[in-house]
Amino acid sequence: MKTGAQLYTVRAYTQNEKDFSCTIGKIAEMGYKTVQISGIGKDIRPERVREICDGAGLEIVLTHSDVNRILNDTENLIKEHDILGSRYIGLGAMPDKYRTKEWITHFMDDFREPAKKIADAGKLLMYHNHNFEFQKLAPCRDNGADREKRIIEYLLEGFKPEEMGFTLDTYWVAAAGGDVCQWIAELSDRIPCVHLKDMAVEGFSQLMAPVMEGNLNFPAILKALENTSCEYMLVEQDTCQGSPFDCLKTSYDNLAAAGYR
-7 MKTGAQLYTV
3 RAYTQNEKDF
13 SCTIGKIAEM
23 GYKTVQISGI
33 GKDIRPERVR
43 EICDGAGLEI
53 VLTHSDVNRI
63 LNDTENLIKE
73 HDILGSRYIG
83 LGAMPDKYRT
93 KEWITHFMDD
103 FREPAKKIAD
113 AGKLLMYHNH
123 NFEFQKLAPC
133 RDNGADREKR
143 IIEYLLEGFK
153 PEEMGFTLDT
163 YWVAAAGGDV
173 CQWIAELSDR
183 IPCVHLKDMA
193 VEGFSQLMAP
203 VMEGNLNFPA
213 ILKALENTSC
223 EYMLVEQDTC
233 QGSPFDCLKT
243 SYDNLAAAGY
253 R
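In this text, residue positions in the sequence shown follow the working numbering: the first is -7, and each later residue adds one.
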């Protein structure tokens, strides 16, 4: 498993080509070898993104792509990922309208064809979870459900492994009250990429924290990942207490000290 940085962590510093190039240099200096492209400036061409990352020795392994482009501009999106050298095309979250018992099956109806096109091109559509995917939806006659099912169960049943993988996010599984190691085992053959971030608390508030600086059982999590299809462990911290660069560096140093680079 290779350790990488999810650029959404430093999105404020990647909105133009100059800032992007500087940020990529800083991430490479930390020791990271891979990155996920997410939240960067829309005017930075894929060719330049690839050139800058190649120049810093960073492999682009995953993206988060606009939902409308996944649905309606699939072929061009695939070509852009060819330029980036990325096999994995990520969806950051399920649009709001699908998160109901009446509309959940429409997600499969709408995304199945793009997922097949992506698979036919030798790539994989990757779904990134938050906490709401672990919400149970009551049975609905419209979708033929005969019992309560979690949203993530609908996704697992609605797409074949070659049509959709999952970017398991450790923080959001825990925020949903789930057992991170249990869900790693449940999704073991469908998680080539994962997001690593820790959970700390301040009073009654949950806080995102650098890896191994919070309360999640990362020794157990990392050991569990060793028995899965995971190729890339991408450090992400949506919100940081202090500098996001310091947070990424702390996470990398902690993972490196544990033997993961």
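Note that CB positions come from ideal geometry on N, CA and C, so glycine has one too.
Here the structure is a predicted model, which is why all the values come from computation and not from measurement.
Between residue i and the rest of its own chain, which residues show a CB-CB distance below 7 angstroms, the 5 nearest in sequence each way excluded?
{"i": "T242", "result": "P202 and E205"}
{"i": "I16", "result": "I44, C45, A48 and L50"}
{"i": "Q229", "result": "T1, K189, M200, P202, P236 and C239"}
Over what stretch of residues does the beta strand (DSSP E) that includes residue i continue unbroken?
{"i": "E205", "result": "From DSSP, E205 is part of no beta strand (DSSP E); its letter is neither H nor E."}
{"i": "Y119", "result": "L116 to H120"}
{"i": "T55", "result": "E51 to T55"}
{"i": "T(-5)", "result": "K(-6) to Q(-2)"}
{"i": "V186", "result": "C185 to L188"}
Along the chain, where does the alpha helix (DSSP H) containing residue i start, and where does it finish?
{"i": "A111", "result": "I96 to D112"}
{"i": "E145", "result": "I143 to G150"}
{"i": "T159", "result": "Counting along the chain, T159 falls outside any alpha helix (DSSP H), though it belongs to the beta strand (DSSP E) covering M156 to D161."}
{"i": "C132", "result": "Neither: C132 is in no alpha helix (DSSP H) and is coded neither H nor E."}
{"i": "C45", "result": "P38 to G47"}
Does DSSP classify residue i as helix, strand or coil?
{"i": "Y244", "result": "helix"}
{"i": "T66", "result": "helix"}
{"i": "Y24", "result": "coil"}
{"i": "S13", "result": "helix"}
{"i": "Q198", "result": "strand"}
{"i": "I19", "result": "helix"}
{"i": "Y224", "result": "strand"}
{"i": "K215", "result": "helix"}
{"i": "Y80", "result": "strand"}
{"i": "I29", "result": "strand"}
{"i": "A167", "result": "helix"}
Report all residues from its chain with a CB closer than 8 angstroms to the CB of residue i; omit the five preceding and five following residues, and keep chain order.
{"i": "D138", "result": "P131"}
Is it buried or exposed, residue i, if we count other Cβ atoms within 10 angstroms and call 16 or more buried?
{"i": "E72", "result": "buried"}
{"i": "F(-2)", "result": "Correcting the residue identity first, residue -2 is Gln in this sequence and not Phe. The residue in question, Q(-2), is buried, as its Cβ has 16 or more Cβ neighbours within 10 Å."}
{"i": "S197", "result": "exposed"}
{"i": "A266", "result": "Given that the chain is displayed from residue -7 to residue 253, the structure contains no residue 266 and the question cannot be resolved."}
{"i": "G170", "result": "buried"}
{"i": "A107", "result": "buried"}
{"i": "E94", "result": "exposed"}
{"i": "E125", "result": "buried"}
{"i": "G251", "result": "exposed"}
{"i": "R37", "result": "exposed"}
{"i": "T231", "result": "exposed"}
Between which residues of its own chain and residue i is the CB-CB distance below 6 angstroms, once the five residues before and five after are set aside?
{"i": "I70", "result": "A113"}
{"i": "G84", "result": "H56 and H120"}
{"i": "L188", "result": "T162, V203, M225 and V227"}
{"i": "R192", "result": "One point to set straight first is that residue 192 is Ala, not Arg, in the sequence displayed. Cβ within range, chain order: L199, A201 and G206."}
{"i": "G23", "result": "Y244"}
Contact check, residue i vs residue j under 8 angstroms by CB: the rounded distance?
{"i": "I96", "j": "Y90", "result": "6 angstroms"}
{"i": "C185", "j": "L54", "result": "5 angstroms"}
{"i": "L76", "j": "V41", "result": "6 angstroms"}
{"i": "V172", "j": "I213", "result": "5 angstroms"}
{"i": "L179", "j": "F158", "result": "5 angstroms"}
{"i": "L63", "j": "D102", "result": "6 angstroms"}
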